[in-house]
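Peer 1: One gets this note's numbering by counting positions in the sequence shown from 1 and adding 26 to each.
Ideal placement from N, C-alpha and C gives every residue a C-beta, glycine not left out.
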Amino acid sequence: MGRKLISLKCECGSVEGELTINKSLNNHVVCCCDDCQTYAQYLGRKDLLDKFNGTELFQTAPRYIKITKGQEHLSCLRLSPKGLYRWYAGCCNFPMVNTLGAKIPFNGLVCAFVTGDKSALGDIQSYNMMKFSSFKSSEWPKNGFEKFSKLAGLFILKLLSLGTILRLTKPNSFFDLDSGLPKVEPQILSKEERDYTRSKILHIDK
């Protein structure tokens, strides 16, 4: 079936999980957007960003990500009332997974959470939102895009459509599917908190 099980663990080891790789329903990307950078800054984990100030992500469906240990350490942050649910291990402020909602079959696993064989994730397909990166456009990788690559967009549409048909939101480690509510009440940053944190991100003129 082209599937492989990969282990997941936060930095201190209190939270563990498993990633099932379904080669037909995953995408390996880097996102350099200012929201992802703001999130890393807020957690004090800019050390997990790559040289472009990007976050390496493995996009897949909720069914394929399972938290097996340390559920009591799950924490959730939203940069705004309608922002992504950004899940992290509160024990060590370690980012884990970004989600959209209980009924949406899309998860972005932060690759730093992977402790197993990372080669199984495959090559990085695209670097997105490079306009927020720490490098001039002439220094971007060949698969770098100012905003989003068309292939990345097509993959998301594929995952959302197939994930809905195949009900890949179940099981779900982050949402109670009966109520539709997150298993942990998210902390929502105020505009002032978000703007203050975002102001600490360094950008350069392109």
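Which two residues bound the contiguous alpha helix (DSSP H) that contains Y65?
Peer 2: First-last of the alpha helix (DSSP H) with Y65: D60 to L69.
Peer 1: Would you decide whether I191 is buried or exposed? Buried here means 16 or more other CB atoms lie within 10 Å of its CB.
Peer 2: I191 comes out exposed.
Peer 1: On the three-pair Cβ rule with 8 Å, is the stretch 66-73 touching the stretch 178-190?
Peer 2: Output reads no: the stretch 178-190 does not touch the stretch 66-73.
Peer 1: Using 9 Å as the threshold, is the C-beta distance between K35 and I47 below it?
Peer 2: Going by C-beta atoms, K35 is not nearer than 9 Å to I47.
Peer 1: Taking Cβ positions, are L166 and S159 nearer each other than 9 Å?
Peer 2: Per the sequence shown, residue 166 should be read as Trp rather than Leu. For W166 and S159, yes; Cβs fall inside 9 Å.
Peer 1: If you draw a straight line from the alpha carbon of F139 to that of I32, how long is it in whole angstroms?
Peer 2: Rounded to whole angstroms, F139 to I32 spans 10 Å at the Cα level.
Peer 1: Determine the contact status of G39 and I91, defining contact as a CB-CB distance below 9 Å.
Peer 2: Taking 9 Å as the Cβ cut-off, G39 and I91 do not qualify as a contacting pair.
Peer 1: Could you check if D231 is buried or exposed, using at least 16 other CB atoms within 10 Å of its CB as the buried criterion?
Peer 2: With a pLDDT of only 41 at D231, under 50, the local geometry of the prediction cannot be trusted, and the value read off the model is given with reservation. Exposed, by the Cβ-count rule.
Peer 1: Taking one C-beta from the stretch 114-125 and one from the stretch 86-104 each time, how about it: are there three or more such pairs within less than 8 Å?
Peer 2: Counting Cβ pairs under 8 Å, three or more are found: they touch.
Peer 1: Output the distance between the C-alpha atoms of P212 and A146, rounded to the nearest integer angstrom.
Peer 2: For P212 and A146, the distance between alpha carbons rounds to 31 Å.
Peer 1: Looking at C-beta atoms only, is the number of pairs between the stretch 216-224 and the stretch 79-98 that lie closer than 8 Å three or more?
Peer 2: The stretch 216-224 vs the stretch 79-98: no contact.
Peer 1: Between which two residues does the alpha helix (DSSP H) carrying E219 extend?
Peer 2: Note, E219: alpha helix (DSSP H), K217 to R224.
Peer 1: Could you tell me how far apart the beta carbons of T86 and L126 are, in whole angstroms, since I believe they sit closer than 8 Å?
Peer 2: Contact flag wrong, Cβ pair sits at about 13 Å.
Peer 1: If we count the other Cβ atoms within 10 Å of its Cβ and call it buried at 16 or more, is G148 buried or exposed?
Peer 2: Classification for G148: exposed.
Peer 1: For E37, tell me which candidate among M122, K184 and D202 has the shortest Cα-Cα distance.
Peer 2: When each option's Cα is compared against that of E37, the closest is M122.
Peer 1: By Cβ distance below 8 Å, which residues in the same chain neighbour D61 in space, the five residues on each side in sequence not counted?
Peer 2: Closer than 8 Å at Cβ, skipping near neighbours: L105, G109 and L110.
Peer 1: Locate the alpha helix (DSSP H) running through K176, then write down its first and last residues.
Peer 2: Where K176 is concerned, the enclosing alpha helix (DSSP H) stretches over K176 to I191.
Peer 1: Could you tell me the alpha carbon to alpha carbon distance between D221 and L207, rounded to whole angstroms?
Peer 2: Taking the straight line joining both Cα atoms gives about 27 Å.
Peer 1: When the Cα of D202 is compared with those of I130, S152 and V136, which residue comes out closest?
Peer 2: Closest option to D202, Cα to Cα, is I130.
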